[in-house]
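Encoded as structure tokens, the structure appears first; notes follow it.
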Amino acid sequence: MAQKDRKIGKKRGSRTCGYGNAKKHRGSGSRGGRGMAGSGGHKKIKMNIEHPNYFGKRGFKRNPRIIVRKSIINLSDIEKKFDGLVKDGVIKKEKDGYALDASLLGVQKVLGSGSLSHAIQITAESFSASAKEEIEKAGGKALVKD
Numbered sequence: 013m014a015q016k017d018r019k020i021g022k023k024r025g026s027r028t029c030g031y032g033n034a035k036k037h038r039g040s041g042s043r044g045g046r047g048m049a050g051s052g053g054h055k056k057i058k059m060n061i062e063h064p065n066y067f068g069k070r071g072f073k074r075n076p077r078i079i080v081r082k083s084i085i086n087l088s089d090i091e092k093k094f095d096g097l098v099k100d101g102v103i104k105k106e107k108d109g110y111a112l113d114a115s116l117l118g119v120q121k122v123l124g125s126g127s128l129s130h131a132i133q134i135t136a137e138s139f140s141a142s143a144k145e146e147i148e149k150a151g152g153k154a155l156v157k158d
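Per the working numbering, the very first residue in the sequence shown carries number 13; after that it's consecutive.
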């Protein structure tokens with residue numbers, strides 16, 4: 013490339029080299045620091061207005077070791093898997109209907125979503141009110157295990 017065709021303007025002798033006022037061509041000092049710099053000092057008012065909850069803590073977290081999570085099952089799940097559970101011997105046929113011990117399924121609580129088409133006597137640690145209602149409506153019993 014010929015020397016005279018190169019488009020490099022070095023701006024020699026122009027004092028600010030194309031940056032306008034000299035103050036505009038400094039490092040981050042021209043804008044009060046980079047990023048969150050000064051958020052606790054000279055930019056504190058801006059932080060309080062734009063991000064009021066940035067500093068400090070709020071609320072609490074429960075210790076996961078003390079949270080008790082019960083394993084649950086819905087009546088709709090029992091109804092869906094009914095034939096398989098009878099075949100596996102989890103639901104036993106009795107003279108007045110069927111019997112299911114929820115602990116055999118590893119379940120502590122029975123919930124009332126769905127409905128039953130069979131009279132089943134279900135034994136579990138706890139039941140929701142709607143589950144008891146649905147079980148009794150189908151002709152079964154909800155027995156709470158001690």
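C-beta: ideal position from N, C-alpha, C; glycine also.
- Comparing alpha-carbon positions, the option among G101, R27 and G124 lying closest to D113 turns out to be G101.
- Pairing V122 with L97 gives a Cβ-Cβ distance that is not under 8 Å.
- Here G152 is buried: its Cβ has 16 or more other Cβ atoms, across all protein chains shown, within 10 Å.
- According to the DSSP assignment, E106 belongs to no alpha helix (DSSP H) but to the beta strand (DSSP E) extending over I103 to E106.
- In the structure shown, G41 adopts helical secondary structure according to DSSP, grouped into three states.
- When rounded, the separation of the alpha-carbon atoms in N60 and Q15 is 56 Å.
- Counting only residues of its own chain and dropping the five nearest sequence neighbours on each side, K23 has a CB closer than 8 Å to the CB of C29 and G30.
- The three-state secondary structure of F72, taken from DSSP, is coil.
- When the beta-carbon positions are compared, G44 and H37 stay at least 8 Å from each other.
- When the alpha-carbon of K157 is set against those of Q133, D95 and G21, the nearest one is in Q133.
- A check of alpha carbon separations from V80 across A141, T135, R70 and Q120 identifies Q120 as the nearest.
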